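I have placed the structure first, in the form of structure tokens, so that the comments after it can refer back to it.
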Amino acid sequence: MEYSLYRASRENEINLLCKLPEELVENVAAFLGAGDTGIEDLCALRLTCAHLYEKSLHYFGRAVLHTDHVHHLLIRGVLNSRMGLGFQWTRHNSGQLDVEQSPGARWLRDILLSFPNCRSFTVHLDYGWNDSSEHSRLGPSDGITIIMDIVAETGIPVRSFSVYAHPSSSGFAFNNVDPRCLQFDILKDPAFINSWAQVEKLKFHHNFVPGNIGEWVASVITLAPRLKTLEIGFDYTPDAQVITTRLSSGPVVLSELRELALTEASEIEWDELLTLLRFTCRTLRCLTLQRLQLKRGTWIPLLAQLYQFPLLEDLTLFWLSTSQKRVLHFVSLPKSLRGTLQGGKLKLDHKQFRGIWRTVYVAYRGHDMQVLLNALLQSARDD
């Protein structure tokens, strides 16, 4: 969105409309907002360029916020700005935010109650903003505390919840979740459990050090019996095993899952991953496994297990290894698939591994999944 606005601003900033004073832009926005397609026209005006985006913000807030148009809340630090500035943030001796005594959190609760359809929440852990040691300062991980506490207090039925820690300058997450911000007691609160039971989508892309973060994530997942989409990016944390162990040994909480993505993990027990996949076989439609390393076993039995997924129609496999010297690859795969897939979209990619170009990336979406699996198993090598 920010990149699109930047391009639009560069391309449209010479337009006379962009040079209008803010008061006139407000009148234009009000005129558009009053029409039959008011919200759509107003949004189109705002996306013309960054100037109009900012100048129409006040009217947009009055016309759209506090209505059923708001579906998603994002908590994210802004570059060169201080999160929560202007509010007093009170903490317990443990360092955890005292939501009840923090006016900013109470204000956010009242705002959320006025958004009848705001059921999705995302917390971005931007690098450099996660220090909660300063009592009067709000850190990104505090967003987790605030959302969880508000859900337990108000009974808001949550649809999706995501936590990301990928700064724009890198593909790695340098910012951990602050473990002091994770409330384990609230996961036992009946009011929270009832609200969380409505969750359909969970995404966690961050570091899992120390291990209690993995325990918390696993507990949050097990409280979502209606879960349809699960994405976990482990940031190559050894503690990833904590989550797979919990999910493979506990109750069958993933039996309704339709989309599963596991990425960037090392030392995953292959039998635990196999058990986890078996839990999802009845309903899973989309599976993504990328940059994963097994601690024991090989990937080929896991591939064979995919025959038991009758609804699977979207599969992505990339850089699946068993050690630093062994990676799953597919020999002569393009030749074996030639003329066999009827429709669908197939993408293959080759990477150099130990001086040899190998097919380590396979992505397919279509209805000939069984044909693809046959070809994968016939050409699979784990060396």
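With my numbering applied, the sequence shown covers -1 to 381.
Glycine residues also receive a C-beta, built at the ideal position from the N, C-alpha and C atoms.
It should be emphasised that the depicted structure is a prediction, and the values quoted were computed from it without experimental measurement.
Query	Result
Could you say which of Arg256, Pro188, Glu265 lies nearest to threonine 243 if we only look at CA atoms?	Glu265
Among Ser377, Arg44, Gln94, which residue has its Cα nearest to the Cα of aspartate 183?	Gln94
What are the complete alpha helix (DSSP H) segments, minimum 4 residues, inside the segment 13 to 43?	20 to 31
For lysine 210, which three-state DSSP category applies?	Here residue 210 is asparagine; the residue named in the question, lysine, does not match the sequence. Asparagine 210: helix per DSSP, three-state reduction.
Is it true that the CB of valine 369 sits closer than 9 Å to the CB of glutamine 339?	Reading off the sequence shown, one finds leucine at residue 339, where the question assumed glutamine. Contact: yes.
So is arginine 224 buried or exposed if we call it buried at 16+ other beta carbons inside 10 Å?	exposed
Leaving aside the five residues before and after leucine 344 along the sequence, list all residues of the same chain whose C-beta is less than 6 Å from its C-beta, in chain order.	Tyr362
Buried or exposed, going by whether 16 or more other CB atoms sit within 10 Å of the CB of lysine 17?	exposed
Specify the secondary structure class of leucine 375 as computed by DSSP and reduced to three states.	helix
Beta carbon of threonine 227, beta carbon of leucine 258: below 9 Å?	yes
Keeping to the same chain, check which residues put their C-beta closer than 7 Å to that of valine 207; ignore five residues upstream and five downstream.	Asn174, Thr235, Asp237
Where does lysine 226 fall in DSSP's three states?	coil
Report the residue from Leu300, Gln99, Gln288, Ile37 whose alpha carbon sits nearest the alpha carbon of arginine 276.	Leu300
Counting Cβ pairs, one atom from each stretch, are 3 or more of them under 8 Å apart for the segment 350 to 360 and the segment 317 to 332?	yes
Between tryptophan 127 and leucine 14, what straight-line distance do the alpha-carbon atoms span, to the nearest angstrom?	Note that tryptophan 127 scores 47 on pLDDT, short of 50, meaning its location in the model is unreliable; the coordinates nonetheless yield the value given after this. So the alpha carbons of these two residues sit roughly 39 Å apart.
With a Cβ-Cβ cutoff of 9 Å, do isoleucine 109 and histidine 67 count as a contact?	no
With contact counted as at least three CB pairs below 8 Å, one residue from each stretch, are the segment 43 to 58 and the segment 84 to 104 in contact?	no
Should tryptophan 105 go down as buried or exposed, given a rule of 16 or more other Cβ atoms within 10 Å for buried?	exposed
So, using beta-carbon positions, are isoleucine 211 and histidine 204 closer together than 9 Å?	yes
Using only alpha-carbon positions, find the residue among Arg135, Phe29, Asn25, Ser118 that is nearest to glycine 75.	Arg135
Can you tell which of Phe85, Gln291, Gly31, Leu83 has its C-alpha closest to the C-alpha of alanine 61?	Gly31
Taking DSSP's pairing of strands, which residues face cysteine 284 in a bridge?	Glu257, Asp312
Quick one: using the 10 Å Cβ neighbour count with 16 as the cut-off for buried, is tryptophan 87 buried or exposed?	buried
State the start and end residues of the unbroken alpha helix (DSSP H) segment that holds serine 247.	238 to 247
Specify the secondary structure class of lysine 186 as computed by DSSP and reduced to three states.	helix
Check the DSSP bridge columns for asparagine 382 and list the partner residues they point to.	Any question about residue 382 goes unanswered here, given that the chain covers just -1 to 381.
I need the boundaries of the beta strand (DSSP E) containing isoleucine 73, first residue and last residue.	70 to 73
Taking contact to mean 3 or more Cβ pairs, one atom from each stretch, closer than 8 Å, check whether the segment 246 to 254 and the segment 176 to 190 are in contact.	no
With distances taken Cα to Cα, identify the nearest neighbour of tyrosine 57 among Leu83, Glu24, Arg80.	Glu24
Cα separation between leucine 111 and leucine 71?	12 Å
Just how far apart, CA to CA, sit leucine 313 and glutamate 262?	17 Å
Residue range of the beta strand (DSSP E) that glutamine 350 falls in?	343 to 351
With DSSP run on the structure shown, which of helix, strand or coil describes aspartate 366?	coil
Measuring straight from C-alpha to C-alpha, what distance separates leucine 371 and tyrosine 305?	7 Å
In angstroms with no decimal places, state the Cα-to-Cα distance between glycine 137 and serine 118.	20 Å
Along the chain, where does the alpha helix (DSSP H) containing tyrosine 51 start, and where does it finish?	48 to 53
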